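Asker:
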Amino acid sequence: MPAFQTSPGMRDILPPDTARWRRLNAVFADVVGAAGYGQIITPLIEDVGVFTRIGEATDVVTKELYAFEDRGGRHVSLRPELTAGVCRAFAQHRPAALPWKVWYTGPNFRQEKAQRGRYRQFDQVGIEVLGVDDAHLDVEVIALASEFYRRLGLSQITLVVNSLGEPEDRAAYVDALAAYFATADLTEQSRSTLEKNPLRVLDSKREHDAAAIAGAPKISEFHSDGAAAHFATVLAGLTRLGIDFVVEPKLVRGLDYYRRTIFEFQGGTLDSAQNALGGGGRYDGLVEALGGPATPGIGFALGVDRTLLACDDEGVFGDDSAPLDAFVVDVVGGQEAVAITAELRAAGFTADRGYDDRSMKAQMKLANRSDARFAVIVGDDELASDSVILRPMARDAGDQQTMSRSDLISHLKAHS
Ligand code: AMP
1 MPAFQTSPGM
11 RDILPPDTAR
21 WRRLNAVFAD
31 VVGAAGYGQI
41 ITPLIEDVGV
51 FTRIGEATDV
61 VTKELYAFED
71 RGGRHVSLRP
81 ELTAGVCRAF
91 AQHRPAALPW
101 KVWYTGPNFR
111 QEKAQRGRYR
121 QFDQVGIEVL
131 GVDDAHLDVE
141 VIALASEFYR
151 RLGLSQITLV
161 VNSLGEPEDR
171 AAYVDALAAY
181 FATADLTEQS
191 RSTLEKNPLR
201 VLDSKREHDA
211 AAIAGAPKIS
221 EFHSDGAAAH
231 FATVLAGLTR
241 LGIDFVVEPK
251 LVRGLDYYRR
261 TIFEFQGGTL
271 DSAQNALGGG
281 GRYDGLVEAL
291 GGPATPGIGF
301 ALGVDRTLLA
311 CDDEGVFGDD
321 SAPLDAFVVD
331 VVGGQEAVAI
341 TAELRAAGFT
351 ADRGYDDRSM
361 KAQMKLANRS
371 DARFAVIVGD
381 DELASDSVIL
391 RPMARDAGDQ
401 QTMSRSDLIS
411 HLKAHS
């Protein structure tokens with residue numbers, strides 16, 4: 001056992017697995033880039049206040065922050081999510097052109113109990129749009145996440161939507177829920193959640209709470225006319241785009257600032273405790289709480305780790321890393337391989353080589369294992385005549401040929 005291992009909930013992502021991460025990010029960047037979103041990169045560390053503004057009633061803030069005092073005595077934290085940092089950036093830079101559409105990718109940190117699909121460092125991709133209140137934007141945002149999953153090849157995804165109404169609707173609903181749950185039969189944990197945030201009691205997956213939750217009042221009974229119309233427009237837009245959805249009145253999600261539309265994407269192959277692949281919603285007041293002007297916002301964050309687990313389960317989005325173009329075998333000391341691999345790479349080919357002046361046989365074994373299309377071989381004769389042997393590695397790809405060093409690149413270009 002080595003002296004050091006990754007800390008609990010932290011993982012190394014090794015090659016070739018990293019190729020899938022890069023591809024997932026590329027698909028996401030393509031999907032949102034085509035809709036006019038620009039990439040934003042915010043710091044991993046922010047003033048802890050940026051995150052406590054998300055809401056005191058979420059575990060993410062109360063229990064899971066990696067908060068500490070830096071050497072200058074500032075109270076800072078590793079970011080547990082990206083929305084708050086984006087809103088802080090908006091408040092700080094005040095972009096003039098609205099809506100401000102941004103996308104992001106990167107790691108977040110939460111001190112959670114680690115298990116499959118739940119880590120202490122995990123990646124998200126996401127978007128936020130600030131400055132526009134239009135229900136059609138809600139449809140665009142949801143549709144982009146949906147298109148991302150489609151492009152990955154995932155099919156067992158359920159989109160769950162709900163509306164939390166206007167802030168007053170939500171407040172009236174919270175009061176009604178608190179009154180209802182006060183006399184209901186709940187678990188100890190849900191009783192304590194009730195004191196902090198009655199909405200979150202609806203999130204309980206504990207069996208003992210199920211009956212009480214099933215009989216609870218529904219948010220739709222509290223929707224104002226405006227909120228009901230907004231939600232109807234969102235649902236009509238999704239229907240128009242042929243995006244399947246389920247309206248789930250119990251969906252509440254964590255953020256205290258959520259209003260109107262909220263949504264979640266659930267993976268059909270994952271355990272129910274980790275089946276949320278991603279989600280988001282419309283929020284107000286967050287930019288304001290971070291020192292900016294009152295600004296409507298909407299966005300989502302999708303978990304990269306869980307999305308890849310879902311891809312594994314559905315057998316899609318495998319490793320498509322391309323084989324090498326050439327593996328250079330040099331049995332005359334290695335300097336020729338230094339030059340030829342550099343030349344090949346500069347010409348745009350992928351090339352690797354053997355090291356440690358190994359035997360011809362050992363280097364050919366490596367060439368085979370590398371899955372390269374060609375071996376480029378230099379022995380004493382080739383060195384003397386300034387030539388190389390080009391040997392196709394596939395069984396039925398023809399015979400090897402000797403050619404002048406200066407013809408190698410043009411020959412490969414003609415055969416690629
Ligand atoms: P949230 O920011 O909590 O709404 O989470 C959005 C998505 O990020 C979730 O649906 C997960 O896919 C992912 N996620 C959140 N927390 C974790 C975690 N601890 N480990 C892995 N993925 C996570």
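Each residue of the sequence shown is one higher than the one before, starting from 1 at the first, in the numbering used here.
Where is the CB? At the ideal position from N, CA and C, for every residue including glycine.
Quantities reported herein were computed from a predicted structural model and do not represent experimental measurements.
#1: What first and last residue would you give for the alpha helix (DSSP H) that runs through PRO167?
#2: As an exercise, report each continuous alpha helix (DSSP H) stretch of at least 4 residues that is fully enclosed by the stretch 41-100, in chain order.
#3: Just to confirm the assignment: which complete alpha helix (DSSP H) runs, minimum length 4, are found wholly within the stretch 267-336?
#4: Less than 8 Å separating the Cβ of GLU248 from some heavy atom of ligand 1?
#5: Can you tell which of GLY55, PRO323, ARG391 has the C-alpha that lies nearest to the C-alpha of HIS411?
#6: Which term fits PRO15, buried or exposed, when burial requires 16 or more other beta carbons within 10 angstroms of its beta carbon?
#7: Can you tell me whether ASP169 sits near ligand 1, meaning its C-beta is under 8 Å from at least one heavy atom of the ligand?
#8: Expressed to the nearest angstrom, what Euclidean distance is found between the alpha-carbon atoms of LEU202 and ILE213?
#9: Between ALA276 and ligand 1, is the CB less than 8 Å from at least one heavy atom?
#10: Is VAL60 near ligand 1, judged by its Cβ being under 8 Å from some heavy atom?
#11: Have a look at the DSSP bridge pairing and note the partners of ALA394.
#12: Express the C-alpha separation of ALA346 and GLY333 in angstroms, rounding to a whole number.
#13: Could you tell me the distance, in whole angstroms, from the CA atom of GLY292 to the CA atom of HIS230?
#14: Could you tell me whether the Cβ atoms of PHE374 and MET393 are closer together than 9 Å?
#15: Label SER190 either buried or exposed according to how many other C-beta atoms from any shown protein chain fall within 10 Å of its C-beta, with 16 as the threshold for buried.
#16: For ARG118, verify whether its CB is less than 8 Å away from any heavy atom of ligand 1.
#17: Given that a residue counts as buried once 16 or more other Cβ atoms are within 10 Å of its Cβ, and exposed if not, what is PHE90?
#18: Does DSSP classify SER416 as helix, strand or coil?
#19: Just to confirm the assignment: which complete beta strand (DSSP E) runs, minimum length 3, are found wholly within the stretch 109-159?
#20: Between ASP134 and ligand 1, is the CB less than 8 Å from at least one heavy atom?
#21: Is the stretch 75-94 touching the stretch 277-287, taking contact as three or more C-beta pairs under 8 Å?
#22: Check whether the stretch 144-160 touches the stretch 18-29, counting contact only when three or more Cβ pairs, one atom from each stretch, lie closer than 8 Å.
#23: What is the DSSP secondary structure of MET403, counted as helix, strand or coil?
#24: Please state whether DSSP places ALA35 in a helix, a strand or coil.
#25: Do three or more CB pairs link the stretch 161-170 to the stretch 334-343 at distances below 8 Å?
#26: What do you reckon, is the C-beta of ASP305 under 8 Å from a heavy atom of ligand 1?
#27: Report yes if the CB atom of PHE181 is closer than 9 Å to the CB atom of ALA210, and no otherwise.
#28: Smallest Cα separation from ALA228: which of ARG200, ARG206, ARG260, LYS250?
#29: Indicate the three-state DSSP secondary structure (helix, strand or coil) for ASN162 in the structure shown.
#30: Let's test the definition: count the other Cβ atoms within 10 Å of the Cβ of LEU255 and tell me whether it reaches 16, buried, or not, exposed.
#31: Taking the DSSP output, what are the residues bridged to ALA229?
#32: With 16 as the cutoff for other CB atoms within 10 Å, does GLY72 come out buried or exposed?
#33: Is it the case that the Cβ atoms of GLN156 and TYR104 are separated by a distance below 9 Å?
#34: May I have a chain-ordered list of the alpha helix (DSSP H) segments no shorter than 4 residues that lie completely inside the stretch 184-260?
#35: In three-state terms, what does DSSP make of ASP381?
Answerer: Inspection of the coordinates gives the following:
#1: As a first step, residue 167 must be located in the sequence shown, where it is residue number 167. Segment 167-182, the alpha helix (DSSP H) holding PRO167.
#2: 48-52, 59-62, 83-93
#3: 286-289, 304-314
#4: Position 248 of the sequence shown, counting from 1, holds the residue named residue 248. For ligand 1, not one heavy atom lies less than 8 Å from the Cβ of GLU248.
#5: As a working mapping, residue 411 is identified with position 411 in the sequence shown. Of the listed residues, the one whose Cα sits closest to HIS411 is ARG391.
#6: Sequence index remark: in the sequence shown, residue 15 carries index 15 (1-based). Under this definition PRO15 is an exposed residue.
#7: Your numbering for residue 169 matches position 169 in the sequence shown. Not so, every heavy atom of ligand 1 lies at least 8 Å from the Cβ.
#8: Start at 1 with the first residue of the sequence shown, and residue 202 comes out as number 202. Start at 1 with the first residue of the sequence shown, and residue 213 comes out as number 213. Taking the straight line joining both Cα atoms gives about 6 Å.
#9: Locating residue 276 in the sequence shown gives position 276, counting from the first residue. Yes, Cβ of ALA276 sits closer than 8 Å to a heavy atom of ligand 1.
#10: Looking up residue 60 in the sequence shown gives position 60. VAL60: yes, Cβ under 8 Å from ligand 1.
#11: Taking the first residue of the sequence shown as position 1, residue 394 is located at position 394. Answer is none; ALA394 lacks a bridge partner.
#12: As a first step, residue 333 must be located in the sequence shown, where it is residue number 333. As a first step, residue 346 must be located in the sequence shown, where it is residue number 346. Their backbone Cα atoms lie some 22 Å apart in a straight line.
#13: Translated into positions along the sequence shown, residue 292 becomes position 292. Translated into positions along the sequence shown, residue 230 becomes position 230. Roughly 25 Å between the two C-alpha positions.
#14: Taking the sequence shown and counting its residues from 1, one reaches residue 374 at position 374. Taking the sequence shown and counting its residues from 1, one reaches residue 393 at position 393. Yes.
#15: Locating residue 190 in the sequence shown gives position 190, counting from the first residue. Per the 10 Å Cβ criterion, buried.
#16: Working through the sequence shown from its first residue, we reach residue 118 at position 118. For ligand 1, at least one heavy atom lies less than 8 Å from the Cβ of ARG118.
#17: Mapped onto the sequence shown, residue 90 falls at position 90. With 16 or more other Cβ atoms within 10 Å, it is buried.
#18: If you number the sequence shown from 1, residue 416 lands on position 416. Looking at SER416 - three-state DSSP - the assignment turns out to be coil, as it is neither helix nor strand.
#19: 121-130
#20: The count along the sequence shown starts at 1 and reaches residue 134 at position 134. Flag unset: Cβ of ASP134 not near ligand 1.
#21: yes
#22: yes
#23: For the purposes of this step, residue 403 is taken as residue 403 along the sequence shown, with counting starting at 1. Reduced to three states, the DSSP call for MET403 is strand.
#24: Translated into positions along the sequence shown, residue 35 becomes position 35. Residue state, collapsed to three classes: coil.
#25: no
#26: Walking along the sequence shown from the start, residue 305 turns up at place 305. Yes, the beta carbon of ASP305 sits closer than 8 Å to at least one heavy atom of ligand 1.
#27: The residue you call residue 181 lines up with position 181 of the sequence shown. The residue you call residue 210 lines up with position 210 of the sequence shown. No, they are not a contact pair.
#28: Here residue 228 refers to the residue found at position 228 when the sequence shown is read from its first residue. Out of ARG200, ARG206, ARG260, LYS250, ARG260 has the C-alpha closest to the C-alpha of ALA228.
#29: Residue 162 sits at position 162 when you count from the first residue of the sequence shown. In the structure shown, ASN162 sits in a strand (DSSP, three-state: E or B).
#30: In the sequence shown, counting from the first residue as 1, residue 255 sits at position 255. When all chains shown are included, LEU255 counts as buried.
#31: The residue you call residue 229 lines up with position 229 of the sequence shown. Note: ALA229 sits in no beta bridge, so no partner.
#32: Your numbering for residue 72 matches position 72 in the sequence shown. Exposed, because fewer than 16 other Cβ atoms sit within 10 Å of the Cβ of GLY72.
#33: On the sequence shown, position 156 is the one that residue 156 refers to. On the sequence shown, position 104 is the one that residue 104 refers to. Cβ atoms of GLN156 and TYR104: not closer than 9 Å.
#34: 188-196, 198-201, 210-214, 225-240
#35: The sequence position of residue 381 within the sequence shown is 381, counting from 1. Three-state DSSP puts ASP381 in a helix.
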